[in-house]
Amino acid sequence: MAKQLSVFLENRSGRLRQLAGLLKEAGINILSFNLAETSDYGMLRLMVDEPEQGVAALAAGGFAADLTDVLIVHIPARMGSLSELLDLLGDTFNIKYMYPYQTQEPNAGMVMKISDMAAAKQLIKDAGYTVE
Amino acid sequence: MVIWNTSKECMSTEDRRLLHDARLRKLVDRLYHHVPFYRQLMQERNLTPVDISGISDIVLLPFTVKDDLRDNYPYDLFAAAETEIVRLHASSGTTGKPTVVGYTRRDIEVWQECVARCLTMAGIGIGDKIQVAYGYGLFTGGLGIHYGAENLGATVIPISAGNTRRQLDFMVDLGTTAIACTPSYLAHVMENIIENNLKDRLKLRVAICGGEPWTVELRRKIEDGLGIELFDIYGLSEIMGPGVAQDCHLHQGSHIMDDHFYAEVVDPDTLETLPDGETGELVLTTLTKEGIPLLRYRTKDLTSITHEPCACGRTSARISRFKGRSDDMLIIRGVNVFPSQIEAALFEISETRPQYQVVVDRVNDYDTFEIAVEIDACLFSDEVSTLENLSRRISETLQNTIGLHPTVKLVEPNTLDRSDGKAKRVIDKRRLF
Chain A
1 MAKQLSVFLE NRSGRLRQLA GLLKEAGINI LSFNLAETSD YGMLRLMVDE
51 PEQGVAALAA GGFAADLTDV LIVHIPARMG SLSELLDLLG DTFNIKYMYP
101 YQTQEPNAGM VMKISDMAAA KQLIKDAGYT VE
Chain B
133 MVIWNTSKEC MSTEDRRLLH DARLRKLVDR LYHHVPFYRQ LMQERNLTPV
183 DISGISDIVL LPFTVKDDLR DNYPYDLFAA AETEIVRLHA SSGTTGKPTV
233 VGYTRRDIEV WQECVARCLT MAGIGIGDKI QVAYGYGLFT GGLGIHYGAE
283 NLGATVIPIS AGNTRRQLDF MVDLGTTAIA CTPSYLAHVM ENIIENNLKD
333 RLKLRVAICG GEPWTVELRR KIEDGLGIEL FDIYGLSEIM GPGVAQDCHL
383 HQGSHIMDDH FYAEVVDPDT LETLPDGETG ELVLTTLTKE GIPLLRYRTK
433 DLTSITHEPC ACGRTSARIS RFKGRSDDML IIRGVNVFPS QIEAALFEIS
483 ETRPQYQVVV DRVNDYDTFE IAVEIDACLF SDEVSTLENL SRRISETLQN
533 TIGLHPTVKL VEPNTLDRSD GKAKRVIDKR RLF
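From first to last, the protein sequence lines are chains A and B. Residues 1 to 132, numbered by the working numbering, are exactly what the first sequence covers, in order. Residues 133 to 565, numbered by the working numbering, are exactly what the second sequence covers, in order.
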């Protein structure tokens, strides 16, 4: 299981900028992120090089942040591979959210949060994918 | 000008004093012998009914507060047998538990009489069609005006609150001449009337407004906008319901139905009775109630009183426009809300009691009610749908607890203004008094 940094951000001017500045000061490198917005707030999901340090730095800086378990699934970087992964998961699993991770040729990474993490991880692994 | 009951509304000072003397003695007798709560309070002050010889002895008697009704929920303050109670009403309590009041058949008749007097003061009579747009149900507003208007002989349209489209249709089609509703709802209805160019098709002449505080400016605005006359009716379910007091056509204070309700104004801190003209807390004693009579009930409404006879011919005591409240209760869209109820509702959602702030404002004469809740570690989620569910749960819980639907805003921790480490709970931006 990988650790994602989840941050609740009010839709206020400068908030994202402040967060980025804080991570820079703490020496944390952002590897991937996703920002889901609503009218009042956004849920920022970050994959960073040092998640434990990252969450501590953000909490100390007054941000509402927590660590969330996610899967990083490496799929072949070619047309159709996402479709194949989703076919594998079928109707048994519910994908809460997902977003791209880094591409390391010949693979592309997907960060995923799935309804039954342990079972999903096992299924994906058994199918031959690399999954963290 | 018609007066519904000149023998009671235009009594001489002497007759009224004798009436008050007799009724207070009878009331104290009834309470001492039928309500253990009051008997105990009196005994603690070394009082028995015989020590109360007249109305001036009322200052010896204990006060009653809303918590006493809550603590004795539901029936322990009742002075009549349960089988004699023909009606129960309930209003919200300070922390979730409602307060229950009961009426005997006689109590209902007194209520009808008082409301008939008020409607008559407003020039309403047989031949008038009155649209009762206060809520019907456990709330005393709708049924209170309803039975009083029927007693008067007017035609009652029991439309209850809301459904503005239908309110307007009926006003036009049925020829409504009077409407009873909260002043902020009337302002909302007025907007619709003007937007839809209906003003000239209406026979509306008068409005009986109450249930919330309202300014002279709002009154002028509606009177000028609709070309009708507004009257300010007062009441509270603990005492009876609407009809405890109302202003006459001279609009110089509200006449209290003081053969039934004895009014005092006291200093909210020292509880000393204040002289006429000085602002203090209104205290009401129900002289004739049988179901749940109350002694010196502290209403928390701030006002001043006068005993000068009014030029309308009525000699009953009059109270001024309310100047505020002596507690933290808010009235939002006609609904009584205590900050402690909001606390209790949030506790249902999360035992960590998140920091919150309620902001009440008035936009286009309509009350807005927004609650900002800080996301603490307990409420945090990485999924937007979970947070949306949380918002919805907060809104629904508040709706269920206090009867009002708020706009919910989730905010970051430590962002609400704090003084002494606690967030300022309620910000009321309205100017009501």
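Each residue gets a CB set at the ideal place from its N, CA and C atoms; glycine is no exception.
Between residue 426 of chain B and residue 412 of chain B, the gap from beta carbon to beta carbon reaches 8 Å or more. Between residue 264 of chain B and residue 559 of chain B, the alpha-carbon positions lie close to 32 Å from each other. In the same chain as residue 309 of chain B, and ignoring 5 residues on each side of it, the C-beta atoms closer than 6 Å to its own belong to 260, 261, 335 and 337, in chain order. Within the same chain, and ignoring the five residues on either side of residue 129 of chain A in sequence, the residues whose Cβ sits closer than 8 Å to its Cβ are 73, 74, 75 and 85. Within chain B, the residues placing a beta-carbon under 7 Å from that of residue 96 of chain A are 515, ordered along the chain. Taking 7 Å as the upper bound on Cβ-Cβ separation, chain B lies near residues 36, 38, 40, 41, 43 and 45 of the segment 34-48 of chain A. Remark: C-beta atoms of residue 331 of chain B and residue 306 of chain B do not approach each other more closely than 8 Å.
Taking the C-beta atoms as reference points, residue 431 of chain B is found nearer than 8 Å to residue 368 of chain B. Look at residue 177 of chain B here: in three-state DSSP terms it is coil, with no helix or strand label.
In the structure shown, residue 236 of chain B adopts extended strand secondary structure according to DSSP, grouped into three states. Within the same chain, Cβ atoms closer than 7 Å to the Cβ of residue 364 of chain B are found at 341, 342, 378, 379 and 386, the five residues on either side in sequence being excluded. At a cut-off of 8 Å between C-beta atoms, residue 8 of chain A counts as an interface residue with respect to chain B. Measuring C-alpha to C-alpha distances from residue 533 of chain B to each of B:350, B:443, B:230 and B:345 identifies B:230 as the nearest. Residue 269 of chain B counts as exposed, since fewer than 16 other beta carbons sit within 10 angstroms of its beta carbon. Comparing alpha carbon positions, the residue from B:508, B:344 and B:320 closest to residue 495 of chain B is B:320. The beta carbon of residue 64 of chain A falls within 8 Å of a beta carbon belonging to chain B, placing the residue at that interface. Residue state for residue 250 of chain B is assigned as helix, using DSSP reduced to three classes. Rounded to whole angstroms, the Cβ separation of residue 95 of chain A and residue 112 of chain A is 6 Å, and the two are in contact under 8 Å. Here residue 387 of chain B is bridged, per DSSP, to B:378 and B:450. Annotation for residue 515 of chain B: no alpha helix (DSSP H) segment contains it, and DSSP assigns it neither H nor E. Pairing residue 188 of chain B with residue 404 of chain B, the inter-Cα distance amounts to about 13 Å. Beta-bridge pairing by DSSP links residue 437 of chain B to B:451. Residue 71 of chain A carries a strand assignment under DSSP once its states are collapsed to helix, strand and coil. DSSP places residue 92 of chain A in the coil class of the three-state scheme, outside both helix and strand. Beta-bridge analysis with DSSP links residue 263 of chain B to B:289 and B:311.
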